[in-house]
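Below you'll find the structure, written out as structure tokens, and then a few comments.
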Amino acid sequence: MKLSFGTDGALYVGRQGGNNRIHRIAPKGSTVSEFGPPMVDPDAVLFDAAGHISGIPNSVLVGGGGILAAIFPDQTAAVVFDTGFADVDDMKFDDSKRLIFSDDLPRILTSAGSAPTVLFSPPARAGSIAVDGHDRIFVALADGTIGIYNADGTLADSAFATGLAGLDTYLAVGPGAGGFGHELYVLNGSDLLRFDANGKKTLIGSGFSVGPSSGTGFVFGPDKALYISEYSKNRVLRITRGN
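To convert, count from 1 in the sequence shown and add 100; that's my numbering.
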């Protein structure tokens, strides 16, 4: 179940299987409703506030089934572009509002509203990605490493972290210890970790139930809480503070 927040604080949830619908959870979890038509295998969800990719503000981008589609505010949908492959595993905007995304090949693609192009090709397939305030791109690779790439696609660090759970590793950039700066948060199998800028690792929690490869949502909300979806339990957890 992939997750993305709208500018009004609503949470959008894409769940593979079942009716393949995107669900909208109103702010503070007050109501849950279906949003838009059924989608093809929604593997990635991202709110497009300014319409940079969809062309219409406040749309929801949905990747899956070899395409990137958009659900518009009126809940109609259209294909934005055909990726040509089975899965868009994860996608994020950088500070310049480029769309950065991974698919089922060892490559990271980018789009500024036109057909996507390859930004770089890591040594193994990438699942989850994260972009920090310096437009550095973190990629969780199938070989159990996290690599860091610069905004232009050049390699900054081939092994920022190693020995992780491959495609069952999920990344999010959030507040550092004590609320200062930004650090990388990693859901590594059932463990929740935090890495500082030097790669120092801190275990924050454990016992989480991750879904099938690339099936878990892992995102910070506008309230600075961390949200994790547990696929098998069909629920979203809200974590308000780490150690």
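All C-beta atoms, glycine included, are put in the ideal place defined by N, C-alpha and C.
Bear in mind that the values here come from a model prediction, so they are computed numbers and not experimental data.
Beyond the five residues adjoining it in sequence on each side, residue 197 comes within less than 8 Å, by CB distance, of 150, 152 and 212 in the same chain, given in chain order. Distances from the CA of residue 139 to each of 157, 129, 132 and 166 were compared; the closest alpha carbon is that of 166. With a 10 Å radius around the Cβ and a threshold of 16 neighbouring Cβ atoms, residue 108 comes out exposed. Around the beta carbon of residue 102, 16 or more other beta carbons lie within 10 angstroms, which makes this residue buried.
Between residue 126 and residue 144, the C-beta spacing is not below 8 Å. Take the alpha-carbon of residue 233 and the one of residue 334: they are about 32 Å apart.
With a 10 Å radius around the Cβ and a threshold of 16 neighbouring Cβ atoms, residue 183 comes out buried. One alpha carbon belongs to residue 205, the other to residue 227, and they sit about 10 Å apart. It is roughly 21 Å from the alpha-carbon of residue 276 to the alpha-carbon of residue 262. With fewer than 16 other Cβ atoms inside 10 Å of its own Cβ, residue 255 counts as exposed.
In this structure, DSSP gives residue 268 a helical state, which the three-state scheme calls helix. Rounded to the nearest angstrom, the gap between the Cα atoms of residue 269 and residue 105 is 21 Å. Taking C-beta separations shorter than 6 Å and ignoring five residues to either side along the sequence, the partners of residue 216 in its chain run 209, following chain order. DSSP lists 163 and 181 as the bridge partner or partners of residue 168.
With fewer than 16 other CB atoms across the displayed protein chains lying within 10 angstroms of its CB, residue 301 is exposed.
With fewer than 16 neighbouring CB atoms inside 10 Å of its own CB, residue 297 falls in the exposed class. Residue state for residue 275 is assigned as strand, using DSSP reduced to three classes.
According to the DSSP assignment, residue 153 belongs to no beta strand (DSSP E), since it is labelled neither H nor E. Remark: C-beta atoms of residue 191 and residue 181 do not approach each other more closely than 8 Å.
The Cβ-Cβ distance between residue 230 and residue 303 does not fall below 8 Å.
Within a 10 Å sphere around the beta-carbon of residue 240 sit 16 or more other beta-carbons, which makes this residue buried. Under the three-state reduction of DSSP, residue 102 is assigned to strand.
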